[in-house]
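For reference, the structure discussed in these notes is given below.
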Amino acid sequence: MSSQPSRRLLRRIGLVLSIVLTPLLLITAVLIGFHSPALASSHREAPIISKDTFADNTDTYVFISPENQNNIVFVGSWIPFEAPEGGPNYYEWDDSALYDIYVDNDGDAKADITYTLSSKVKVENQATFLYNTNTIKSLTDPNWNRKQYITVTETIEGNPTPITLVANKLTAPVNIGSKSTPNYQALADAAIQTISTPQGAGKVYAGQTDDAFWVDLQVFDLLTLRGQKPPVGYTNGTNIPVDSLSSFNVHSFVVEVPISHVTAGSDTVVGMWAGTRRATTRVIQALGTQAHSGNEVQVSRLGMPLVNEVVIPLALKDAFNSVPPSTDLALYTGVAGPEIQALLQKSVENPELGTLLCSLYGVPLPAAIDATSSDLAKKCNTAVTTGVPRSGRGDIFDIFLTGMKLAAPFTINTKTGPMTLPAGFNVNQMKTVTPSEMIRINTAIKGDLCSPTPSRLGVLGGDACGFPNGRRLTDDVVEIELLAVAGAAYPVLDGRDTSFAFTPALIGVLTDGIDHNDVPFRGATAAGEAPKQFPYMGTAQSGQEHWHTNPFFNILLTWISKN
Ligand SMILES: [Ca+2]
Ligand SMILES: [Ca+2]
Ligand SMILES: [Ca+2]
Ligand SMILES: [Ca+2]
91 MSSQPSRRLL RRIGLVLSIV LTPLLLITAV LIGFHSPALA SSHREAPIIS
141 KDTFADNTDT YVFISPENQN NIVFVGSWIP FEAPEGGPNY YEWDDSALYD
191 IYVDNDGDAK ADITYTLSSK VKVENQATFL YNTNTIKSLT DPNWNRKQYI
241 TVTETIEGNP TPITLVANKL TAPVNIGSKS TPNYQALADA AIQTISTPQG
291 AGKVYAGQTD DAFWVDLQVF DLLTLRGQKP PVGYTNGTNI PVDSLSSFNV
341 HSFVVEVPIS HVTAGSDTVV GMWAGTRRAT TRVIQALGTQ AHSGNEVQVS
391 RLGMPLVNEV VIPLALKDAF NSVPPSTDLA LYTGVAGPEI QALLQKSVEN
441 PELGTLLCSL YGVPLPAAID ATSSDLAKKC NTAVTTGVPR SGRGDIFDIF
491 LTGMKLAAPF TINTKTGPMT LPAGFNVNQM KTVTPSEMIR INTAIKGDLC
541 SPTPSRLGVL GGDACGFPNG RRLTDDVVEI ELLAVAGAAY PVLDGRDTSF
591 AFTPALIGVL TDGIDHNDVP FRGATAAGEA PKQFPYMGTA QSGQEHWHTN
641 PFFNILLTWI SKN
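Each residue of the sequence shown is one higher than the last, beginning at 91 in the numbering used here.
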């Protein structure tokens, strides 16, 4: 497994080097030549939500539709680590939860459009313990005993009456195996719903899919990146990278609508995040029943990947899951008290991950208090003035909280060749800026402006159509964020510390050896290729085929690829 990407990537290096002009891109090119690294996006990232699996957002994505450049696609995934063979009560949407995808189009950090998924299970035959009593040949097949129906609404801000886009339609069953679900793809496709908006048709899918995130979670062993030499990798034991999420499924809610349906006025940028709501009160009743009542409150939230995982400190993780982006600025500027303000601001503008990279592995940080000091407290921290937002790392602040505007020229790869964007170029900042955490995408950056060979490193790879300008399924966000924390984007987004230069020699260290998803996305012919077909996520993996990747399997794959 590890030998294949390196040959492919070496070829890409040559390609990139031949057209790269800016130092940042050179750095990226060097980076591509080495193996990559890791952190899970938002899987079990906070103490309380980790005990509420069915409400746990795992990832969010927003990208221009590969099928239609006039459409935008929003994806929310939930339920981490779904083992495909997890029966007899297989994974499904939680009927007592509401799953939301939020879109802000005017920059006030409040949702202007909310897509809400709810579900209802109907058991056809209570006399069996089985999920299905024979092969499931269609969604309406009576052999599928535990059917689930979905409803999707669209709520427009200011209009109290939601619009029903999908009314009580069957979703797909889970992918069990070749006896129960021999033609799983057809079942999943049958669950795709066509929806209509005033600006044109769209699509919805809400059901089991492959988990599109990939990462070696062993990174949480004191920031170990397997595949690297010690001290970054291990001295003893297994040092082979593993995609910890390989072979696992999630449940995904995918909404595709015309771009013009979600943008406002002349602003081409929108922000998106997802969340889960639950009723405040659950009453455990006699005979194994439960009752849910009270207001629906948010218990999970996810915009940018890895924010709650590695940016937000433990003390605030579950609180973060409970608040909307519209409260972020108030918390950041001290409404909840000076301690929280200081903690939040430090978490973003002097990220702990950067301090760890610097103190454990000697990665130099931008705007270090004293870059030459032998005192790690000075060398490995950036000064932050509490109460003055963006006084610390402006690059991290912009990427996560406002969207990006260039502080210095930056060259991207386009269909017609390299194009240098001038200082001041607006990558993905809305006209009105309310600092708040969400994924922002400039819907005008698409088509010919994208790199003809999409870079898994997104904007850092010279591909303006990738993360953190939106997030595609193929973007290697673990690596992009490690690089960003190490200052790869600092010169073009902040640059106030003119003595800082991102060190190419360090780039090979910040990789986890896992470059792409374990299975092809929908419509693609190989893992790592861009998806071509709605709902874009890889087809749910089968319980029959479930073989969780382990180092020995990797060795076997490597051997097979060489022989
Ligand atoms: Ca990676
Ligand atoms: Ca989560
Ligand atoms: Ca708004
Ligand atoms: Ca996967």
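Glycine included, every Cβ here is placed at the ideal spot set by N, Cα and C.
With fewer than 16 other Cβ atoms inside 10 Å of its own Cβ, Trp649 counts as exposed.
Judged by DSSP secondary structure, Ile191 falls within the beta strand (DSSP E) whose first and last residues are 187-194. Looking at the DSSP output, Phe153 bridges to Val163. In the DSSP assignment, Lys469 forms no beta bridge with any residue. Restricting attention to Asp279, Arg372, Asn249, the CA atom closest to the CA of Ser228 is found in Asp279. Under the three-state reduction of DSSP output, Ser209 falls in the strand class. For Val517 against Lys495, the beta-carbon gap comes to about 7 Å, under 8 Å, which counts as contact. Here Asp608 has Trp304, Asp333, Ser336, Ser337, Ala617, Thr639 as same chain residues with Cβ atoms under 7 Å from its own Cβ, once five neighbours each way along the sequence are excluded. Judged by pairs of C-beta atoms under 8 Å, the region 379-398 touches the region 361-370, as three or more such pairs exist. Listed in chain order, the non-local C-beta contacts of Thr230 below 8 Å within the same chain comprise Leu260, local neighbours out to five positions each way being set aside.
Every beta strand (DSSP E) of 3 residues or more that sits fully in the region 357-381 is shown, in chain order, as 359-374. DSSP places Leu491 in the helix class (H, G or I) of the three-state scheme. Not one heavy atom of ligand 4 sits closer than 8 Å to the Cβ of Trp168. One residue list follows from the rule of a beta carbon closer than 5 Å to any heavy atom of ligand 4, given in chain order as Asp300, Asp301, Asn607, Asp608.
Residue range 253-260 is occupied by the beta strand (DSSP E) that includes Leu260. Close CB contacts of Arg236 within its chain, under the 7 Å cut and outside five residues either way in sequence, are with Val211, Val213, Tyr221 (chain order).
It is roughly 47 Å from the alpha-carbon of Ala614 to the alpha-carbon of Ala426.
Burial state of Asn147 is buried, judged by a 10 Å Cβ sphere holding 16 or more other Cβ atoms. Exposure of Glu635 is indicated by the presence of fewer than 16 other C-beta atoms within 10 angstroms of its C-beta.
Bounds of the alpha helix (DSSP H) holding Ile430 are 428-439.
DSSP lists no beta-bridge partner residue for His606. A distance criterion of 8 Å places the beta-carbon of Lys269 beyond contact range of ligand 3, judged by its closest non-hydrogen atom. Relative to ligand 2, Asp408 has its C-beta separated by 8 Å or more from all heavy atoms. With fewer than three CB-CB distances shorter than 8 Å, the region 315-327 does not count as touching the region 164-177. Ligand 1 has a heavy atom closer than 8 Å to the beta-carbon of Asp566. DSSP places Gln275 in the uninterrupted alpha helix (DSSP H) bounded by 274-280. In chain order, Asp485 place their CB closer than 6 Å to the CB of Ala579, counting only its own chain and leaving out the 5 sequence neighbours on each side. In the structure shown, the three-state DSSP call for Trp304 is coil. Counting along the chain, Ile349 sits inside no beta strand (DSSP E); it lies in the alpha helix (DSSP H) bounded by residues 349-352. The beta carbon of Asp190 sits no closer than 8 Å to any heavy atom of ligand 3. Remark: the shortest separation between the CB of Thr601 and any heavy atom of ligand 1 falls under 8 Å. With contacts defined by Cβ atoms closer than 9 Å, Glu135 and Ile203 do not form a contacting pair. Here the distance from the Cβ of Ile529 to the nearest heavy atom of ligand 2 is not below 8 Å. In terms of side-chain proximity, the C-beta atom of Leu392 is found nearer than 8 Å to a non-hydrogen atom of ligand 2. Nearest in C-alpha terms to Thr299, of all of Thr251, Gln375, Ile169, Val397, is Ile169. The beta-carbon separation of Gly577 and Phe590, rounded to 6 Å, stays under the 8 Å limit for a contact.
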